[in-house]
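If you read the sequence shown in the numbering used here, its first letter stands for residue 221, the second for the next number, and so on.
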Amino acid sequence: MRVLVSGAAGSLGRVITVGLLENGHDVVGLDLVPAPEGTPFAWHEADCADPDAVAAVFAEERLDAVVHLAGAPEELSLPDELTSHVVTTAALLDAMVAHRVPRIVYASSNHAVGRTPRADGELTERALPRPDTYYGVAKVAAEALLRLFADRHGIDAVSCRIGSFLEEPTSVRGLSTWLSHGDGVRMVEAALTAPAPGFAVLYGISANTRGWWDLEPGRRLGYEPLDDAEDFADRVGAGPDDEAEAEHVGGPFALARFHRPALG
Ligand SMILES: NC(=O)c1ccc[n+]([C@@H]2O[C@H](COP(=O)([O-])OP(=O)(O)OC[C@H]3O[C@@H](n4cnc5c(N)ncnc54)[C@H](O)[C@@H]3O)[C@@H](O)[C@H]2O)c1
Numbered sequence: 221m222r223v224l225v226s227g228a229a230g231s232l233g234r235v236i237t238v239g240l241l242e243n244g245h246d247v248v249g250l251d252l253v254p255a256p257e258g259t260p261f262a263w264h265e266a267d268c269a270d271p272d273a274v275a276a277v278f279a280e281e282r283l284d285a286v287v288h289l290a291g292a293p294e295e296l297s298l299p300d301e302l303t304s305h306v307v308t309t310a311a312l313l314d315a316m317v318a319h320r321v322p323r324i325v326y327a328s329s330n331h332a333v334g335r336t337p338r339a340d341g342e343l344t345e346r347a348l349p350r351p352d353t354y355y356g357v358a359k360v361a362a363e364a365l366l367r368l369f370a371d372r373h374g375i376d377a378v379s380c381r382i383g384s385f386l387e388e389p390t391s392v393r394g395l396s397t398w399l400s401h402g403d404g405v406r407m408v409e410a411a412l413t414a415p416a417p418g419f420a421v422l423y424g425i426s427a428n429t430r431g432w433w434d435l436e437p438g439r440r441l442g443y444e445p446l447d448d449a450e451d452f453a454d455r456v457g458a459g460p461d462d463e464a465e466a467e468h469v470g471g472p473f474a475l476a477r478f479h480r481p482a483l484g
């Protein structure tokens, strides 16, 4: 497959592009920043929130799929979040329809359902939208847009609600929410190649002993995680917010220190 990876210079992008190349795909990178030195694949320095810039990339490249990783992984104002996650997704989807690119894999987030109480039990793909931040609101809206384009245009859209993508878990929460680099690649590969998923949601975490997010939606698409954060448990120290962070899916983002005006 020839795959456009947006946000290719980011922490996910750097790992996923290498994994896709190793799996035999052709990769085309897109990012606000220039290609890192030695990048062995095509690269477009462009703003994914600019529809003309995105259209120009699609006009130049023949593509089979998009992996959309561009976006700020932090809490900003609501307008900035909407631009970063919803407008970028819209620009890609419009270009996909225009150029008949049939599949998108989206880096959504657990923060789309981050205010779901831990006490509710296992987190399934049927959890209602329950964002913990404006970041989470934007992820909910981006998922809604993916679903609309799946229904209207038959695009296959797999929304991966990622936990904590790190080389290794660094907090007690991370022992439940960790997504290893290897499992991140396995997740994207499955989401790219699952036969006819339509619109689908999966939870992007490893097979963590302490995980409580349902892995079945991912397994149905062929995502079989192999790593377990528990292997690192003896290296993870306790933190002052561990108990508070355990109360909601979104951990720290659900805490009062993130309360702020939407337009501030
Ligand atoms: N890292 C995680 O644990 C995690 C967890 C859940 C979801 N996610 C989501 O995964 C995606 C990638 O996260 P990350 O951790 O790699 O972030 P990152 O900040 O490391 O990388 C994001 C990349 O996207 C690029 N980018 C941002 N806005 C862009 C735009 N408008 N046009 C083109 N490029 C743009 C940046 O230059 C950067 O290279 C984000 O959407 C984030 O919300 C990440």
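Ideal placement from N, C-alpha and C gives every residue a C-beta, glycine not left out.
In this text the structure is predicted, and so the values were computed from the model without any measurement.
Asked: Whole-number beta carbon distance between V357 and E301, since they are thought to touch under 8 Å; Found: 7 Å
Asked: Boundaries of the alpha helix (DSSP H) in which E242 is found, first to last residue; Found: 231–242
Asked: Proximity below 8 Å, CB of L395 to CB of A458; Found: no
Asked: Through-space distance from R440 to Y354, alpha-carbon basis; Found: 30 Å
Asked: N- and C-terminal bounds of the beta strand (DSSP E) containing V469; Found: Note, V469: premise wrong, no beta strand (DSSP E); not H, not E.
Asked: Heavy atom of ligand 1 within 7 Å of I382 beta-carbon; Found: yes
Asked: Every unbroken alpha helix (DSSP H) within the segment 287–354, with a cutoff of 4 residues, ordered by chain; Found: 298–301, 308–319
Asked: Anticipated Cβ contact below 8 Å, D447 with D403, distance rounded; Found: 5 Å
Asked: Heavy atom of ligand 1 within 7 Å of P254 beta-carbon; Found: no
Asked: Proximity winner among L240, P254, D267, T344, relative to S304 (alpha-carbon distances); Found: D267
Asked: The alpha helix (DSSP H) enclosing R440, as first and last residue numbers; Found: 436–440
Asked: For A411, the first and last residue of its enclosing alpha helix (DSSP H); Found: 401–413
Asked: Spatial distance of V377 from L386 (CA atoms); Found: In the sequence under discussion, the amino acid at residue 377 is Ala, which differs from the Val named in the question. If you take the alpha carbons of A377 and L386, they lie about 24 Å apart.
Asked: Close beta carbons around E409, own chain, < 6 Å, minus the five adjacent residues each side; Found: N243
Asked: Beta carbon of R381 nearer than 8 Å to that of H468; Found: no
Asked: Burial state of E280 (16 or more Cβ within 10 Å); Found: exposed
Asked: N- and C-terminal bounds of the alpha helix (DSSP H) containing E281; Found: That residue, E281, is in no alpha helix (DSSP H); it is neither H nor E in DSSP.
Asked: Assumed close pair S226, H319 - CB separation to whole angstroms, cut-off 8 Å; Found: Going by Cβ atoms, the distance from S226 to H319 rounds to 15 Å, so no, they are not a contact pair.
Asked: DSSP-derived helix/strand/coil call for D451; Found: helix
Asked: heavy atom of ligand 1 below 7 Å from A275 C-beta; Found: no
Asked: Local conformation of A458 per DSSP, three classes; Found: coil
Asked: R372 - DSSP class collapsed to helix/strand/coil; Found: helix
Asked: Residues near R219 in its chain [Cβ-Cβ closer than 7 Å; skip 5 each side]; Found: What the structure shows of the chain is the stretch from 221 to 484, and residue 219 is not part of that stretch, so it cannot be assessed.
Asked: C-beta neighbour in chain D for M316, strict 8 Å; Found: The chain inventory of the structure shown lacks chain D, comprising one protein chain alone.
Asked: Near ligand 2: A292 beta-carbon under 7 Å from a heavy atom; Found: Ligand 2 is not part of the structure shown, which contains ligand 1 as its ligands.
Asked: Own chain partners of A414 with C-beta closer than 6 Å, once the 5 adjacent residues on each side are dropped; Found: L441, G442
Asked: L365 in three-state terms, based on DSSP; Found: helix
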